[in-house]
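Numbering (the working numbering), first residue to last: 1 to 499.
Here it is as structure tokens:
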């Protein structure tokens, strides 16, 4: 009886239950297979998207200068390029547009905030207008309406780095870009601007070949300048568009403009003083050899060389330049756009994206990296103030010496010292990194400013100093150590990664 009852309640698996289980497993397997297929399809599509450089919507050629047209093929790059129109925090000063200047806002006025600049540039257009630069999209209109061009007669060569040039040079030269470049250089600024303005500011076509999108150099001044520098290093017949590597071009396209240059009195062309090398001493010796002068100082009568914006040369002499880190690595860092990797054409400070720029190599916190930059720039400005005060003191002393009976030969010697001290001061002042591109190198230059200015003051007293300052160093390398000696370890250890 008992056994019969147990048999009655024993669970049994029905034929229907087996069928249901089979169906469940079948459906589950199908779902897994579908998921794998979807995943593989997604991976394949993303790889294809990553391989595609762009989707051609419009055809581009050497006549298309408008970046908005290029933006139809490259929307991410165009969108970030247009961000160069945006003001930077703390560097936005509204103004009322006028017929003479239609701009609605401007930037930090350097002259109003440091009168030493006015003293240094007395008698030169920079002494009446020198503000912080706005983004690339403003470069043409800002040059057109600065007082340096509205109140002074300027040459057409000033447009080299403020207007898009490939089509302009081709049109001016009837197909010969070098001839077109030379023609623009020889014009007055006003005449050249009227011809050039429709080309707009520097944009896509200035750095990219419209047929291949490869980086390229479009300015003859850089082509000649880098060839002269390479020749000084033993490399003959250097053609930057033929011989430079892709990594080098990520700097060279920027170095077309962010450099020291002058207007050659021989042919009016924009010229880079690179035939002796890329240090400030090489440039100074070059100018001394050709006896070049930009202007006569209004207060002292000294023959002055006006430095421009030697960002490339300074970077070249710094840690990052020596390590092969390019301008684009820091100022146009790669970003993700879907599965694509695109460079940020905002062309802005690395501090705006510390993790994407500095953090690529330096595995420490953003705050620590910002603190390092702040330390470098603070030290630079402390040294800058000392050197600037020394230069201004020399200028004041020379101005007084011209009317207090100081012998003429002493005054002339002091002017020679002013020429060198001012070029070196102007060089680091006009360079845009505030000492960061080459911290030790920049501080060395400032030391030279102070030393040269003080020697100029001594010359006025009749002290036993040469009538002309020493030439720039033949090179910027440390002197060899005596045999058997060892260097003192003065390096600062890299901090451990922050938690």
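Using N, Cα and C, we set each Cβ at its ideal position, and we do this for glycine too.
Query raised in the report: For residue 337, which residues of its own chain have a beta-carbon under 8 Å away from its beta-carbon, when the five flanking residues on both sides are left out?
Result: Excluding sequence neighbours, residue 337 sits near 76.
Query raised in the report: On the three-pair Cβ rule with 8 Å, is the segment 341 to 358 touching the segment 305 to 318?
Result: The segment 341 to 358 vs the segment 305 to 318: no contact.
Query raised in the report: Is residue 57 helix, strand or coil by DSSP?
Result: Reduced to three states, the DSSP call for residue 57 is coil.
Report task. For residue 27, count neighbouring Cβ atoms within 10 angstroms of its own Cβ and tell me buried if that reaches 16, exposed if not. Result -> Residue burial annotation: residue 27 is exposed, with fewer than 16 other C-beta atoms found within 10 angstroms of its C-beta.
**Report entry** the ligand MG heavy atom lying under 8 Å from the CB of residue 261
**Finding:** The ligand MG is not among the ligands present in this structure, which contains no ligands whatsoever.
Query raised in the report: Pairing CB atoms from the segment 284 to 292 with CB atoms from the segment 323 to 334, are three or more of them under 8 Å?
Result: In this structure the segment 284 to 292 does not touch the segment 323 to 334; the number of beta carbon pairs closer than 8 Å is below three.
Query raised in the report: Can you tell me whether DSSP reads residue 109 as helix, strand or coil?
Result: Annotated three-state conformation of residue 109 is strand, per DSSP.
Query raised in the report: Taking the beta strand (DSSP E) that residue 80 falls in, what are its first and last residues?
Result: It is not in any beta strand (DSSP E) - residue 80 instead sits in the alpha helix (DSSP H) that spans 75 to 82.
Report task. Just grab the DSSP bridge partners of residue 262 for me. Result -> In the DSSP output, where bridge partners are listed per residue, residue 262 has 271.
**Report entry** Where residue 505 falls, given that 16 or more other Cβ within 10 Å makes a residue buried
**Finding:** In the structure displayed, the chain extends from 1 to 499; residue 505 sits before or after that span and is not available.
Report task. Would you kindly report the start and end of the unbroken beta strand (DSSP E) that includes residue 323? Result -> Counting along the chain, residue 323 falls outside any beta strand (DSSP E), and DSSP gives it neither H nor E.
**Report entry** Of the residues 58, 123 and 457, the one placed nearest residue 389, counting alpha carbons only
**Finding:** If we check each option's Cα against that of residue 389, 457 comes out closest.
Query raised in the report: Taking the Cβ atom as the reference point for each residue, do residue 221 and residue 270 lie within a distance shorter than 9 Å?
Result: The answer is yes: Cβ separation under 9 Å.
Requested in this report: Please say whether residue 424 and residue 452 have beta carbons closer to each other than 9 Å?
Outcome: The Cβ-Cβ distance between residue 452 and residue 424 falls below 9 Å.
Report task. Could you check how far apart the C-beta atoms of residue 415 and residue 300 are, in whole angstroms? I think they sit under 8 Å. Result -> That belief holds up - the Cβ atoms of residue 415 and residue 300 are roughly 6 Å apart, short of 8 Å.
Query raised in the report: Nearest to residue 192 by CA position, among 174, 203, 163 and 213, is which residue?
Result: Check the Cα spacing between residue 192 and each of 174, 203, 163 and 213: the tightest is with 163.
Query raised in the report: Hey, out of 63, 92, 224 and 256, whose CA is closest to residue 134's CA?
Result: Of the candidates 63, 92, 224 and 256, the one whose C-alpha sits nearest the C-alpha of residue 134 is 92.
Query raised in the report: According to DSSP, what are the bridge partners of residue 188?
Result: In DSSP, residue 188 forms a bridge with 155.
**Report entry** residue 255 burial status per 10 Å Cβ neighbour count (16 or more: buried)
**Finding:** With 16 or more Cβ atoms within 10 Å of its Cβ, residue 255 is classed as buried.
Query raised in the report: What are the boundary residues of the alpha helix (DSSP H) that residue 373 is part of?
Result: From DSSP, the alpha helix (DSSP H) with residue 373 extends over 366 to 401.
Query - Among 165, 225, 218 and 230, the one whose alpha carbon lies nearest that of residue 198 - result: For residue 198, the nearest C-alpha among the options comes from 165.
Requested in this report: Pull up the DSSP beta-bridge partners for residue 255, would you.
Outcome: Bridge partners of residue 255: none, in fact.
**Report entry** Distance between residue 111 and residue 131 (C-alpha atoms, nearest Å)
**Finding:** Rounded to the nearest angstrom, the gap between the Cα atoms of residue 131 and residue 111 is 7 Å.
Requested in this report: Can you tell me the Cβ-Cβ gap for residue 159 and residue 139, rounded? I've got them flagged as a contact below 8 Å.
Outcome: Their Cβ separation, rounded to whole angstroms, is 10 Å, which puts residue 159 and residue 139 out of contact at 8 Å.
Report task. Within the segment 112 to 151, note down every full alpha helix (DSSP H) run reaching 4 residues or more, in order along the chain. Result -> As summarised for the segment 112 to 151, the continuous alpha helix (DSSP H) elements at least 4 residues long and confined to that stretch are 115 to 120, 139 to 145 and 147 to 150, given in chain order.
Report task. With a 10 Å radius around its C-beta and 16 neighbouring C-beta atoms as the bar for buried, classify residue 419 as buried or exposed. Result -> Counting Cβ neighbours within 10 Å, residue 419 comes out buried, since at least 16 surround it.
Report task. Excluding the 5 residues preceding and the 5 following residue 274 in the sequence, name in chain order all residues of the same chain whose CB lies nearer than 6 Å to its CB. Result -> Apart from the 5 residues on each side of it in sequence, residue 274 sits with its Cβ closer than 6 Å to the Cβ of 225, 228 and 229 in its chain, given in chain order.
Requested in this report: State the Cα-Cα distance for the pair residue 533 and residue 382, rounded to the nearest angstrom.
Outcome: Any question about residue 533 goes unanswered here, given that the chain covers just 1 to 499.
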